[in-house]
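*Asks:*
There are 2 protein chains.
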Amino acid sequence: MDRLSEVFSALADPTRRAILARLAEGEATVNQIAEPFPISLQAVSKHLKVLERAGLITRGIQAQWRPCRLDAAPLRGVAEWVTEYQRFWEERYDELGTYLTKIQKEN
Amino acid sequence: MDRLSEVFSALADPTRRAILARLAEGEATVNQIAEPFPISLQAVSKHLKVLERAGLITRGIQAQWRPCRLDAAPLRGVAEWVTEYQRFWEERYDELGTYLTKIQKEN
DNA sequence: TAGTTAATCAACCCATAGGTTGAATATGCC
DNA sequence: GGCATATTCAACCTATGGGTTGATTAACTA
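Just so you know, the sequences run in chain order A and B.
When you line the first sequence up against my numbering, it's residues 46 to 152, in that order.
When you line the second sequence up against my numbering, it's residues 46 to 152, in that order.
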């Protein structure tokens with residue numbers, strides 16, 4: 046699978062996005078990450094593996110802990126991709142703006 | 046499934062992203078969209094349904110044709126989400142910048 | 001009315017995703 | 001060495017995704 050697909054796919058799960066949000070506040074171990082979720086530790090471990098494969102997190106080794114860190118680098122690619130379409134959602138506002146200016150002049 | 050997940054999920058397929066790129070150049074019918082792809086028309090039809098459910102395209106009715114139009118609105122949500130993490134990939138550059146400035150002063 | 005074209009529906013196949021439970025592997029602590 | 005803790009591995013289950021082929025629906029055309 047290509048990188049962008051892998052990243053989008055990793056982001057398509059709310060649990061994984063929540064994990065990223067958690068890691069945005071700082072490094073955390075698997076148990077710490079898993080704590081707020083109503084799923085098993087193993088399930089969280091799997092999510093972490095998906096995030097790791099997508100390059101969104103990196104993992105260290107400290108004794109029996111595997112501290113996870115956010116790596117936002119792949120999100121740059123997402124930002125670049127989405128920027129290509131920016132004009133399409135702004136256009137709408139431009140059109141609205143044009144329309145409002147037009148009726149303003151007319152009345 | 047929440048909207049953001051649905052959108053990310055829809056974007057996680059290269060064929061679907063290619064369809065969006067095609068529609069960025071203008072409206073097209075299902076057959077026109079399907080033409081460049083090495084998969085069946087039905088498969089493309091399914092992809093279009095996924096994109097439609099995610100709100101990324103809208104479809105009209107003109108005789109037996111179903112012209113598809115890009116609707117980039119949901120991508121705003123993606124842009125907003127990813128922007129939250131922007132500082133994390135920029136930080137890295139800041140750190141690099143700081144580092145470069147530092148060694149420059151040192152030598 | 002019959003035939004062609006556009007698109008969808010339906011049934012099916014296989015691989016993968018997300019979850020489970022239970023066992024295994026390290027590592028630190030007495 | 002023996003035990004607790006942190007994490008992963010393995011096997012399994014079920015649902016879904018992306019693809020196929022064949023049949024169906026709807027609209028134009030001769």
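No residue lacks a Cβ here, since even glycine has one placed at the ideal position from N, Cα and C.
For residue 103/B, which beta-bridge partners are listed by DSSP?
*Replies:* Paired residue(s): 114/B.
*Asks:* Going by the beta-carbon positions, is the gap between residue 111/B and residue 52/B smaller than 8 Å?
*Replies:* Cβ atoms of residue 111/B and residue 52/B: not closer than 8 Å.
*Asks:* Please list the terminal residues of the continuous alpha helix (DSSP H) segment that includes residue 69/B.
*Replies:* Residue 69/B -> alpha helix (DSSP H) spans 59 to 69.
*Asks:* How long is the line joining the alpha carbons of residue 69/B and residue 94/B, rounded to whole angstroms?
*Replies:* Looking at the two C-alpha atoms, the distance is approximately 17 Å.
*Asks:* What is the DSSP secondary structure of residue 108/B, counted as helix, strand or coil?
*Replies:* Three-state result, residue 108/B: coil.
*Asks:* Out of 126/B, 119/B, 132/B, state which residue places its alpha-carbon closest to the alpha-carbon of residue 132/A.
*Replies:* Nearest C-alpha to residue 132/A: 119/B.
*Asks:* Within the 8 Å Cβ cut-off, does residue 89/B reach chain A?
*Replies:* Not an interface residue.
*Asks:* What whole-angstrom Cβ distance do residue 105/A and residue 116/A have, given they're in contact under 8 Å?
*Replies:* Contact flag wrong, Cβ pair sits at about 12 Å.
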